[in-house]
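Visitor:
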Amino acid sequence: MFMKKLLMLALPLLISGIAKAQTDEAAASPAHKNDNSNIIAIAPIQFTENGVGLAFSYEKGIDKAGIVAYNLPLIATFNLNNNVSNGDHQDAMFYFSPGIKFYPTSSHGNVKYAIGPSLVIGAGEKTTHSSTYLPNPGNPSNPYYYEQYTTQSKFILGIMVSNSLNINPTEHFYLGLDFGFGFTYINRLAGNNDGLTGVVQSGFKIGYRF
């Protein structure tokens, strides 16, 4: 239920941001050439601390100099390592990580670096595994081995610092590399705080710049 609310909140923000950018571009006078400060991208390869998946993002430059931009990514990842160890439980996590990017030398150019803070909101599930040995009356030297898998809801709220590399081979074709690392303020498992933990987001993006 929380995951649906998270997506319902995030998608309108993405759509409204894109619509506003298109409206601003249409309202601009012909004398002002488009500075290509908008980027729509998909990350076919996306990593988080939970696993691997994909992402969709929208970036919009705030100032004409191209120093500051805001970024709105939606991420979905799956813990593929659980195939064997946790009985085929590919725990899904969905993230919304709005943030600010600072380009020290402006975002205009073929290859540009950016750094900035991001909020991390994540919701999904986590499967835990426990093993118990039970006595075997018929053969005490060979006890029964009982395994139990428990899937519980998970929610995280934290902050991270992201590093980005923008590569613009042409005016509209965009390639990007992102890596972010941080920690959680809230890390709830089945409603209980599971303690402080690290968060990681990294991906390779392909998109359209306009």
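Reading the sequence shown from the start, the letters are residues -21 to -1, 1 to 189 in mature numbering (1 follows the signal peptide of the UniProt record, and there is no 0). Ideal placement from N, C-alpha and C gives every residue a C-beta, glycine not left out.
(1) Should Asn147 go down as buried or exposed, given a rule of 16 or more other Cβ atoms within 10 Å for buried?
(2) Three-state secondary structure (DSSP) at Lys184?
(3) Taking the alpha-carbon positions, what's the Tyr74 to Asn15 distance?
(4) Can you give me the Cβ contacts of Gly186 inside the same chain, cut-off strictly under 6 Å, excluding the 5 residues immediately before and after it?
(5) Between which two residues does the beta strand (DSSP E) containing Ile19 stretch?
(6) Can you give me the Cβ contacts of Asp173 inside the same chain, cut-off strictly under 6 Å, excluding the 5 residues immediately before and after it?
(7) Between Ala44, Thr56, Ser132, Phe35, which lies nearest to Asn50 when the distance is taken from Cα to Cα?
(8) Can you find at least 3 beta carbon pairs, one from the stretch 104 to 124 and one from the stretch 83 to 90, that sit closer than 8 Å?
(9) Quick one: residues in its chain with C-beta nearer than 8 Å to the C-beta of Leu175, no 5 flanking neighbours on either side, listed in chain order?
(10) Thinking just about the alpha-carbon of each residue, which of Ile24, Leu136, Gly45, Glu150 is nearest to the one in Gly177?
(11) Whose C-alpha, out of Pro96, Thr106, Lys80, is nearest the C-alpha of Leu144?
(12) Does DSSP put Glu126 in a helix, in a strand, or in coil?
(13) Since Phe81 is in the beta strand (DSSP E), which residue starts that stretch and which ends it?
(14) What are the residues that DSSP puts in a beta bridge with Gly32?
(15) DSSP puts residue 201 in a beta bridge; with which residues?
Guide: Quick answer:
(1) Burial is judged here by how many other beta carbons sit within 10 angstroms of a residue's own beta carbon; Asn147 has at least 16 and is buried.
(2) Of the three classes helix, strand and coil, the one that applies to Lys184 here is strand, per DSSP.
(3) Each residue's Cα considered, the two are about 27 Å apart.
(4) Within the same chain, Gly186 has close Cβ partners Ile18, Ile19, Ala20, Tyr153.
(5) Where Ile19 is concerned, the enclosing beta strand (DSSP E) stretches over 17 to 27.
(6) A distance below 6 Å between beta-carbons, with the five flanking residues on each side excluded, links Asp173 to the following residues of its chain, in chain order: Asn166.
(7) Checking every option, the nearest Cα to that of Asn50 belongs to Phe35.
(8) Under the Cβ criterion (8 Å, minimum of three pairs), the stretch 104 to 124 does not count as touching the stretch 83 to 90.
(9) Correct list, in chain order: Phe162, Thr163, Asn166.
(10) Of the residues Ile24, Leu136, Gly45, Glu150, the one whose Cα lies closest to the Cα of Gly177 is Leu136.
(11) Of the candidates Pro96, Thr106, Lys80, the one whose C-alpha sits nearest the C-alpha of Leu144 is Lys80.
(12) In the displayed model, Glu126 falls within a strand according to three-state DSSP.
(13) Counted as a single uninterrupted DSSP element, the beta strand (DSSP E) harbouring Phe81 occupies residues 78 to 81.
(14) The partner list for Gly32 (beta bridge, DSSP) reads Gln25, Thr56.
(15) The shown model of the chain, from -21 to 189, leaves out residue 201, and the question about it has no answer.
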